[in-house]
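S.K.: Input: one structure, supplied below.
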Amino acid sequence: MSLKRQVLILILLVLVFINFLMLYRSDFDRQLPDPVPLVTESFHKDSNDESWILKVENDGSVWVQMVDDKTNIHFRPSPGHLHLFSEHINNIADVTFECGRKPEEECDLSKPYKLYVNNVQVELLEIRNKKTAK
165 MSLKRQVLIL ILLVLVFINF LMLYRSDFDR QLPDPVPLVT ESFHKDSNDE
215 SWILKVENDG SVWVQMVDDK TNIHFRPSPG HLHLFSEHIN NIADVTFECG
265 RKPEEECDLS KPYKLYVNNV QVELLEIRNK KTAK
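Take the position in the sequence shown, starting the count at 1, then add 164; the result is the number in the numbering used here.
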């Protein structure tokens with residue numbers, strides 16, 4: 165093999181090596197997104213019910229339907245938590261009414277209480293059960 169040919173092959177190999185370095189180096193330099201903060205305590209630990217996320221309205225409110233008794237709950241999460249529902253239509257969400265009761269007692273929904281859906285406190289807008297549905 166001539167010297168010119170050896171030099172050309174060497175240059176070609178060096179260029180291929182540099183290309184691989186540049187290609188894989190960009191993968192190593194890429195920053196990973198910040199991890200999602202973990203929820204360390206659940207509001208649903210004693211008395212939660214499961215519901216289906218039905219839909220997200222244009223105004224940012226959300227409808228869920230309880231799995232057991234088919235009660236529909238209409239609520240508004242904070243704008244920062246809306247993605248927890250809009251990105252998960254037809255998925256299961258835990259629902260907890262916190263009304264100062266013991267876990268084995270029924271909530272009196274006419275009294276003030278807090279509503280948590282997916283560990284996020286939300287503003288309750290409406291509850292429609294089989295008796296009040298139109």
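Backbone N, C-alpha and C fix where the C-beta goes; we use that ideal spot for every residue, glycine too.
Quick caveat, the model's predicted, so the values are computed rather than measured.
Using only alpha-carbon positions, find the residue among His252, Leu179 and Val226 that is nearest to glutamate 287.
M.R.: Along the sequence shown, read from residue 1 onward, the residue named residue 287 stands at position 123. Glutamate 287 has its Cα closest to that of Val226, out of His252, Leu179 and Val226.
S.K.: Could you check the C-alpha separation between threonine 188 and glutamate 251 for me, to the nearest Å?
M.R.: Here residue 188 is taken as the residue at index 24 of the sequence shown, counted from 1. Here residue 251 is taken as the residue at index 87 of the sequence shown, counted from 1. In the sequence as presented, threonine is not what sits at residue 188; that position holds tyrosine. Between tyrosine 188 and glutamate 251, the C-alpha separation is close to 33 Å.
S.K.: Quick one: what's got a C-beta closer than 6 Å to valine 220's C-beta in the same chain, skipping five residues either side?
M.R.: As a position in the sequence shown, residue 220 is number 56, starting the count at 1. Closer than 6 Å at the Cβ level, and outside the excluded window around valine 220, lie Val226, Phe249 and Ser250.
S.K.: Exposed or buried, which one is asparagine 282 when buried takes at least 16 other CB atoms within 10 Å?
M.R.: Residue numbering aside, residue 282 sits at position 118 when the sequence shown is read from its first letter. It is buried - the Cβ of asparagine 282 has at least 16 other Cβ atoms within 10 Å.
S.K.: Leaving out five residues before and five after leucine 218 in sequence, what residues of the same chain have Cβ atoms less than 7 Å from its Cβ?
M.R.: Residue mapping note: residue 218 aligns to position 54 of the sequence shown, counting from 1. Answer for leucine 218: Trp227, Val228 and Gln229, listed in chain order.
S.K.: If I measure Cβ to Cβ from phenylalanine 239 and keep anything under 7 Å in the same chain, skipping five residues before and after, which residues do I get?
M.R.: Within the sequence shown, the letter at position 75 stands for residue 239. Excluding positions up to five away in sequence, the list reads Ser225, Val226, Leu279, Val281, Val286, Glu287, Leu288 and Leu289.
S.K.: Between the Cα of proline 241 and those of Asp213, Leu172, Val259 and Glu214, spot the shortest distance and give me the residue it belongs to.
M.R.: If you number the sequence shown from 1, residue 241 lands on position 77. Checked all of Asp213, Leu172, Val259 and Glu214; the closest Cα to proline 241 is Val259.
S.K.: On the criterion of 16 or more Cβ atoms from any shown chain inside 10 Å, does isoleucine 182 qualify as buried, or is it exposed?
M.R.: Translated into the one-based positions of the sequence shown, residue 182 becomes position 18. Counting Cβ neighbours within 10 Å, isoleucine 182 comes out exposed, since fewer than 16 surround it.
S.K.: Please report how far the alpha carbon of aspartate 233 lies from the alpha carbon of aspartate 213, in whole angstroms.
M.R.: For the purposes of this step, residue 233 is taken as the residue at position 69 of the sequence shown. For the purposes of this step, residue 213 is taken as the residue at position 49 of the sequence shown. Between aspartate 233 and aspartate 213, the C-alpha separation is close to 10 Å.
S.K.: What residue from Trp216, Asn236, Val284 and Val178 has the CA that sits closest to isoleucine 256's CA?
M.R.: For the purposes of this step, residue 256 is identified with residue 92 of the sequence shown, where counting begins at 1. Of the candidates Trp216, Asn236, Val284 and Val178, the one whose C-alpha sits nearest the C-alpha of isoleucine 256 is Trp216.
S.K.: Give the DSSP-derived three-state secondary structure of isoleucine 173 in the structure shown.
M.R.: Counting from one through the sequence shown, the residue named residue 173 turns up at place 9. Note: isoleucine 173 maps to helix in three-state DSSP.
S.K.: Comparing C-alpha positions only, which one of Leu179, Val231 and Val284 sits nearest to glycine 244?
M.R.: Start at 1 with the first residue of the sequence shown, and residue 244 comes out as number 80. Answer by Cα proximity: Val284.
S.K.: Return the first residue and the last residue of the alpha helix (DSSP H) that serine 250 is part of.
M.R.: Here residue 250 corresponds to residue number 86 of the sequence shown, with the count starting at 1. Looking at the DSSP string, the run of the alpha helix (DSSP H) that includes serine 250 is 247–250.
S.K.: What three-state label does DSSP hand leucine 178 in the structure shown?
M.R.: As a position in the sequence shown, residue 178 is number 14, starting the count at 1. Sequence check: residue 178 is valine here, not leucine. Helix.
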